[in-house]
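Report on one structure; see the data block that follows.
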Amino acid sequence: MTTPSPVPHSDAPRVHVGPLLLSGAAEGPGLAAHRARWGTLPRASAADLAERAEAVGLGGRGGAGFPFATKLRTVAAGGRRSAVVVNASEGEPASAKDAGLLLTAPHLVLDGVALAARALGVREAHVVLPGDRPQVAAAVRAALAERDDPRLRWHTATATPRFVAGQSRAVLELLAGRPNLPVTAWAPDAMAGLHGRPTLLSNAETYAHVAALALAGVASYSRQGSREEPGTTLLSVGVGAGGPHVHEVPLGSRMVDVLPPQAWGRPVLVGGFHGTWTSWDTLATATVSPRSLAALGVPLGAGVVHVPAPGTCPLELTARIVSYLAGQSAGRCGPCANGLPALAQAVTAVTHGRPGAVDRVAELTGLVAGRGACAHPDGTVRLVRSALTTLHTEVGAHAHGWCTTATAVAS
Amino acid sequence: MHDRDGGGLVSARLRVDWPACRAEGLCHELVPDLVSLDEWGYPVVHGEVDESRLREARAAARQCPRLALRLIED
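Read top to bottom, the protein sequences are chains A and B. 407 is the number that the numbering used here gives to position 407 of the first sequence; each next residue is one higher, with no gaps. 13 is the number that the numbering used here gives to position 13 of the second sequence; each next residue is one higher, with no gaps.
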């Protein structure tokens, strides 16, 4: 039996016009409007694209934040025919930033892919569509039908609706015609990915930044953000099960400026279901900066900022998320297949205040961490550990049969 | 046989191919001090493999019925 996600996948997020990637969000997703705003696609070598990405410190926006320039250079240096893949599967339910980007500015993403393919001398590009967001998949197909890229063939594949299906090795399995599930990576994708070839596999937003850097230029791009971290990032900001808002935020902005009023004074989940419960005190002074957030122990991941609905206990929400994540395991790796359901039970026991439950959670997180083909067990462990530390007052209250959220609502 | 820092010996560690592993437990029987088993019978590998144990570690990897254990030497 699988537990449904406490936050449904959003197929129609509210997208706000932004300073760069989302500057044309109100003009419709068509190619003509896109070209009128951004101009025609220049030619660029892999070295040039890498230089631009490096100049602004562009990190991947799928969650891991790996430097795009390093990845591109590794693929280009592979000395073999390479593959280019854009991952738009967005399996994380609380995230909708790739959905929002593809619904409003699909050609910016596709421009980034086309630039990379041309730079690498590749004539095929693979687009991986979300399996649980049909409107987004339809929007991408409509955009692809408008493309006029010389000597480039586009291929689409649709991810299985499963949390782990968007993991990079799972995506490569899908493209190779095998089940869309993670397998062990013995080498990085950039060295040996699709069919063993050097593979440039990046998130949809990452390619949009690559395109913006090539179309607008590094100087213009760097007018956004801070000196240390130029540019912008997309955020999915949601409250409870209400669909998230997608904001494009200059790096270095104050976090409080993007948080909805429901977040004030309460813990917030940053980075999504594999993310980190973060106290209001930490967030109140934090900036939207991958670097400074990582230093605070709060990786921004794919840019999810989730606020529990008013009256929802964050600890109980954690238990529901872990139950969902346990059901989303591919079931192939023993420690994950056995450990996550046990962990879900143990976290639920913590919400019920059962004696020994916290110790059992600690034991299970130790058994699960680092023992799987993909990041699913590690991400789940991150969420649970952050709940025990950030929500320690709530954990203590539940141990005595109380809930501070319910009390706050009642009073 | 020296690492990049110079002087030190090659580091080697056992790595499990998790999707391939079916908790047969043979690795634990062959090298119990290098591999223990968790509560579900899956291997827990312990840190680096000392040079004196490389031969046994290689043998354990070779004999895994699922070919789910590898000795990574670099």
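All C-beta atoms in this analysis are idealised placements derived from N, C-alpha and C, irrespective of residue type, glycine included. Every value quoted in this text rests on a predicted model; they were computed, and no experiment measured them.
Partner residues on chain B for residue i, Cβ-Cβ distance less than 7 Å
i       : result
N338(A) : W40
L317(A) : The premise fails here: L317(A) is roughly 28 Å from chain B at the closest Cβ pair, so nothing lies under 7 Å.
Where residue i meets chain A, residues with beta-carbon distance less than 8 Å
i      : result
P65(B) : Residues of chain A passing the Cβ test: none, with the nearest at roughly 15 Å.
Span of the alpha helix (DSSP H) around residue i
i       : result
S323(A) : 314 to 328
P290(A) : 290 to 295
V218(A) : 218 to 221
E39(B)  : Note, E39(B): premise wrong, no alpha helix (DSSP H); not H, not E.
S168(A) : 168 to 175
R58(B)  : 54 to 63
Expected contact under 8 Å - CB spacing of residue i and residue j to nearest Å
i       : j       : result
V246(A) : L234(A) : 6 Å
L315(A) : E363(A) : So it is not a contact: roughly 19 Å between Cβ atoms.
Y42(B)  : C21(B)  : 6 Å
V305(A) : V268(A) : 6 Å
V7(A)   : P67(A)  : At roughly 30 Å, the Cβ-Cβ gap does not stay under 8 Å, so V7(A) and P67(A) are not in contact.
V85(A)  : L152(A) : 14 Å between Cβ atoms; not a contact.
V384(A) : V347(A) : 6 Å
A83(A)  : V122(A) : 7 Å
L54(B)  : L14(B)  : About 11 Å; that fails the 8 Å criterion.
T104(A) : L129(A) : That belief does not hold up - the Cβ atoms of T104(A) and L129(A) are roughly 16 Å apart, past 8 Å.
T404(A) : A397(A) : 5 Å
Beta-ladder partner(s) of residue i, from DSSP
i       : result
N338(A) : Partner(s): none; N338(A) has no beta bridge.
N180(A) : DSSP lists no partner for N180(A).
P250(A) : T232(A)
V270(A) : T276(A), V305(A)
R227(A) : None; R227(A) has no bridge partner.
A12(A)  : Answer is none; A12(A) lacks a bridge partner.
E48(B)  : R13(B)
G238(A) : H306(A)
T158(A) : L129(A)
H245(A) : R14(A), V237(A)
Range of the contiguous beta strand (DSSP E) that encloses residue i
i       : result
A25(A)  : Element bounds for A25(A): n/a, residue is neither H nor E.
T287(A) : Unbroken run through T287(A): none, as it is neither H nor E.
L430(A) : The structure shown has nothing for residue 430(A), since chain A only spans 1 to 411.
L194(A) : Neither: L194(A) is in no beta strand (DSSP E) and is coded neither H nor E.
E73(B)  : 69 to 73
Beta-carbon neighbours of residue i, restricted to chain A and to distances below 7 Å
i      : result
D17(B) : T184
C21(B) : G334
Proximal residues of chain B, C-beta to C-beta of residue i below 8 Å
i       : result
A422(A) : Here chain A covers residues 1 to 411 and nothing more, so residue 422(A) does not appear.
CB contact check: residue i to chain C, cutoff 8 Å
i       : result
L367(A) : Looking for chain C here will not work: the only protein chains present are A and B.
Unbroken stretches of the alpha helix (DSSP H), 4 residues or longer, contained in the segment 359 to 404 of chain A: 376 to 390, 392 to 399
Start-end ranges of the beta strand (DSSP E) lying completely within the segment 76 to 155 of chain A, minimum 3 residues: Qualifying beta strand (DSSP E) stretches, in chain order: 83 to 87, 124 to 129.
Length at least 4, wholly inside the segment 33 to 80 of chain A: the alpha helix (DSSP H) runs in chain order: 46 to 55, 68 to 76
Any alpha helix (DSSP H) of 4 or more consecutive residues that is wholly inside the segment 10 to 34 of chain B: 26 to 30
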